[in-house]
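Here the protein sequences come in this chain order: G and C. Be aware that the first sequence starts at 1, since it is given in my numbering, and climbs by one per residue. Be aware that the second sequence starts at 1, since it is given in my numbering, and climbs by one per residue. Beta carbons are placed, not taken as given, at the ideal position from N, Cα and C, and that holds for glycine.
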Amino acid sequence: MAEIIGIWVAAFLTLCIFSFLYKDNPLYKFAEHLYVGSSAAYMLVYFYFFNIKPMLIDKFIAETGLARWILIIPTFLGVIMLLRIHPKIGWISRWSIAFTMGIGAGIGIVAGIHGYILPQTKATFLPLFIKGDLIQSANNIILVVGVLTTFLFFYFSKEHKGLLKPPVKIGMAFIMVSFGASFGYTVMARLSLLIGRIYFLLHNWLHLI
Amino acid sequence: MLKKIANIDRRIIFIVIVLCIIIPFLTKTVLEIRVSAPVKSAYKALEKLESGSCVLFSVDYDPASQPELQPMLIAVLRHAFKKNLKVIMMCHWPLGFPLGQDALMVTAKEYDKKYGQDYVNLGYRPGMSAIMLGIGREIRDFFASDYAGTPVDSLDIMKGVHNYGDITLLIGFEAGATGDYWVRLAGAQFGQKITLGCTAVCAPDCYPYLQAKQIEGLIGGLKGAAEYEKLVECPGAGIIGMTAQSAGHIAIIIFIILGNLSYFILKKREKE
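Following this line, the structure appears as structure tokens:
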């Protein structure tokens, strides 16, 4: 019974949201507000039970010595982050932000260079002509030309005219192809979501398929 | 006529697309699916593992990406269980946990797999980058217990599993940038072999990883899920949805062509 009620509620809310495709209306507003409110409440409860309780409260009770008292540091940083709501002492929250930024930059720089820039650069060092494999040779040439011309497109120290103009145009064409591919995949993704909802309505709710 | 096409009511476009999706479902039309090289590579990466190898599944999406990634997760889990691989599941997205658990319940039952012996769900823990780096040292530092609070040391499947060295393959199901972090942290810094399954929106950003051999394979969007279902010979929501997807794409392509043609013709007429 609970499952049936759940399916009817989900179907009703799905149709409420879809009704926006015709025009804005109270049913859509109702579903939208319900979604925002329930998501916020759900995340609040989730983060309390998965972050604050197990990693701070429970650990503080269970641990002893340094492992226990070191928890005061993240608690302090968390509390001062909340001071942003007070204009006079809001500046103190910058300490927490600085801490987060420091960690983020530390991890990000290493990950970015070691895990992205170096391997990706290495992957463009390709032989332009492979004996007996014309298709692979063509692929490699396209890849190398694409990388170099796209780099040139983002070279702004010199005006894009004269000798620089043709490769920059080619670079722009590569960027356009990339945008096209991203757009195509985005359309595919959004259609997949619509398919998922329609499948739910036809299969789980109406039992037509 | 051309003016009408150029200024077509958006609601007509919506109706046509919805019909293009509903009709294939009702007529139960199934199109032939061709398996692409990235999906084939992903399949091979799992297929070549020896029975009993440990595979880490990272479920990093929420219900918003469920239509694309859930069929993919189910298809890969079926493949893993068919191969008698040990499945360890975790998630960086809080709402990935119930979705992963649903998929595990369905597939484990099909292959008669036992919890704690053949598979485990470690659940969600906050601190994405820290967890990824920390697993390189000891997985227990972050996952001392599974989702239900059972200590991992009491589970057979976790015996001898400590860090990336004990995990043969990591498969990330990604709706955001978590896959990038897996590649840049676990892959680059610990040499962990990784396969990514991602939403279609994320797929173009993952191709460079595949080209640079930073990942073993790539399963992109609902199409990728359908291709994987074909490879494991277990048709599911992916294959069912592909006909509707193709019909929808054709409708959108026709609208784009009509819109552009009418725009250019009208522009030319205005000039004349």
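Proximity test, Cβ basis, 8 Å: residue i and chain G
i                : result
Ala75 (chain C)  : no
Val30 (chain C)  : no
Arg11 (chain C)  : yes
Tyr181 (chain C) : yes
Gly217 (chain C) : no
Thr199 (chain C) : yes
Ile281 (chain C) : Because chain C spans 1 through 272 in this model, residue 281 (chain C) falls outside it and cannot be assessed.
Ile252 (chain C) : yes
Gln245 (chain C) : yes
Gln192 (chain C) : no
Ala177 (chain C) : no
Gly187 (chain C) : yes
Phe14 (chain C)  : yes
Gly248 (chain C) : yes
Ala203 (chain C) : yes
Check whether residue i and residue j have beta carbons under 8 Å apart
i                : j                : result
Phe190 (chain C) : Gly241 (chain C) : no
Leu49 (chain C)  : Leu169 (chain C) : yes
Thr107 (chain C) : Leu77 (chain C)  : yes
Gln192 (chain C) : Ile167 (chain C) : yes
Ile265 (chain C) : Leu2 (chain C)   : yes
Ala226 (chain C) : Gly238 (chain C) : yes
Lys223 (chain C) : Gln245 (chain C) : yes
Tyr181 (chain C) : Met132 (chain C) : yes
Leu128 (chain G) : Asn140 (chain G) : yes
Gly236 (chain C) : Ile22 (chain C)  : no
Ile72 (chain G)  : Leu83 (chain G)  : no
Ser53 (chain C)  : Glu216 (chain C) : no
Ser192 (chain G) : Gly221 (chain C) : yes
Ile194 (chain C) : His162 (chain C) : no
Ser96 (chain G)  : Leu77 (chain G)  : yes
Gly259 (chain C) : Ile17 (chain C)  : no
Ile195 (chain G) : Pro67 (chain C)  : yes
Thr150 (chain G) : Ile175 (chain G) : yes
Leu72 (chain C)  : Gly197 (chain C) : Just to set this straight, residue 72 (chain C) is Met in the shown sequence, not Leu. In this structure, Gly197 (chain C) lies closer than 8 Å to Met72 (chain C) by Cβ.
Leu155 (chain C) : Gly127 (chain C) : no
Test: residue i CB closer than 8 Å to a CB of chain C
i                : result
Leu191 (chain G) : yes
Val187 (chain G) : yes
Ala136 (chain G) : Looking at the sequence provided, one finds Gln at residue 136 (chain G) rather than Ala. False, the Cβ-Cβ gap to chain C never drops below 8 Å.
Ser19 (chain G)  : no
Tyr22 (chain G)  : yes
Leu194 (chain G) : yes
His207 (chain G) : no
Ala62 (chain G)  : no
Tyr116 (chain G) : yes
Ile198 (chain G) : yes
Leu202 (chain G) : yes
Ser96 (chain G)  : no
Gly112 (chain G) : yes
Ile109 (chain G) : no
Pro119 (chain G) : yes
Ala105 (chain G) : no
Ala181 (chain G) : yes
CB-CB length for residue i against residue j, believed under 8 Å
i                : j                : result
Gly115 (chain G) : Leu19 (chain C)  : So it is not a contact: roughly 45 Å between Cβ atoms.
Phe173 (chain C) : Leu69 (chain C)  : 5 Å
Thr124 (chain G) : Val144 (chain G) : 6 Å
Met188 (chain G) : Ala188 (chain C) : Actually they are not in contact, since the Cβ atoms of Met188 (chain G) and Ala188 (chain C) sit about 29 Å apart, beyond 8 Å.
Leu148 (chain G) : Leu164 (chain G) : 12 Å between Cβ atoms; not a contact.
His142 (chain G) : Gln136 (chain G) : Per the sequence shown, the amino acid found at residue 142 (chain G) is Ile instead of His. Actually they do not touch by this definition, with Cβ atoms about 11 Å apart.
Val183 (chain C) : Gln211 (chain C) : Rounded, the Cβ-Cβ distance is 12 Å, inconsistent with contact.
Val39 (chain C)  : Gly96 (chain C)  : Not quite, the Cβ-Cβ distance comes to about 22 Å (not below 8 Å), so this is no contact.
Ala6 (chain C)   : Ser262 (chain C) : 4 Å
Ala40 (chain G)  : Ile17 (chain G)  : The pair is not a contact, with the Cβ atoms about 18 Å apart (cut-off 8 Å).
Leu56 (chain G)  : Thr75 (chain G)  : 6 Å
Chain B within 8 Å of residue i, Cβ atoms only
i                : result
Ala123 (chain G) : The structure shown contains no chain B; its protein chains are G and C.
Kindly confirm or deny that the segment 201-209 of chain C and the segment 77-89 of chain C touch, where touching means at least three C-beta pairs closer than 8 Å. Touching, no.
Which residues, taken in chain order from the segment 161-176 of chain G, show a beta carbon closer than 9 Å to some beta carbon of chain C? So the list is empty, because no residue satisfies the distance condition.
Between the segment 185-205 of chain G and the segment 12-27 of chain C, do three or more beta carbon pairs fall short of 8 Å? Result yes; three or more Cβ-Cβ pairs closer than 8 Å.
Report yes or no: do three or more beta-carbon pairs, one from the segment 95-108 of chain G and one from the segment 171-178 of chain C, lie closer than 8 Å? Counting C-beta pairs closer than 8 Å gives fewer than three between the segment 95-108 of chain G and the segment 171-178 of chain C, which falls short of the contact rule.
In chain order, what residues of the segment 25-50 of chain C put their CB closer than 9 Å to some CB of chain G? Of all residues in the segment 25-50 of chain C, Phe25, Leu26, Lys28 have a Cβ within less than 9 Å of some Cβ in chain G.
Anything in the segment 34-54 of chain G with a Cβ closer than 8 Å to a Cβ of chain C? List those residues in chain order, please. Answer set for the segment 34-54 of chain G: Met43, Tyr46, Phe47, Phe50, Asn51.
Can we say the segment 176-187 of chain G touches the segment 224-236 of chain C, given the rule of at least three CB pairs closer than 8 Å? With the cut-off at 8 Å, the segment 176-187 of chain G and the segment 224-236 of chain C do not touch.
Mind checking the segment 49-74 of chain C against chain G and listing, in chain order, the residues whose C-beta falls within less than 7 Å of any C-beta there? Residues are counted here when their Cβ sits less than 7 Å from a Cβ of chain G; for the segment 49-74 of chain C these are Gln66, Pro67, Glu68, given in chain order.
Count the C-beta pairs between the segment 110-125 of chain C and the segment 91-98 of chain C that are closer than 8 Å, then say yes if the count reaches three, no if not. Enough Cβ pairs lie closer than 8 Å, so yes.
Taking Cβ-Cβ distances below 7 Å as the criterion, which residues of the segment 125-158 of chain C are in contact with chain G? For the segment 125-158 of chain C, the set of positions with a beta-carbon nearer than 7 Å to some beta-carbon of chain G reads Pro126, Ser129 in chain order.
Could you run through the segment 80-103 of chain C and flag, in chain order, every residue whose CB is less than 7 Å away from some CB of chain G? Within the segment 80-103 of chain C, the residues whose Cβ lies closer than 7 Å to any Cβ of chain G are, in chain order, Pro94.
Evaluate the contact criterion for the segment 49-57 of chain G versus the segment 28-41 of chain C: three or more CB pairs, one atom per stretch, below 8 Å. No: fewer than three Cβ pairs fall under 8 Å.
Determine which residues of the segment 220-240 of chain C have a Cβ less than 8 Å from any Cβ of chain G, and write them out in chain order. For the segment 220-240 of chain C, the beta-carbon criterion of a distance under 8 Å to any beta-carbon of chain G is satisfied by Gly220, Gly221, Leu222, Lys223, Ala237, Ile240.
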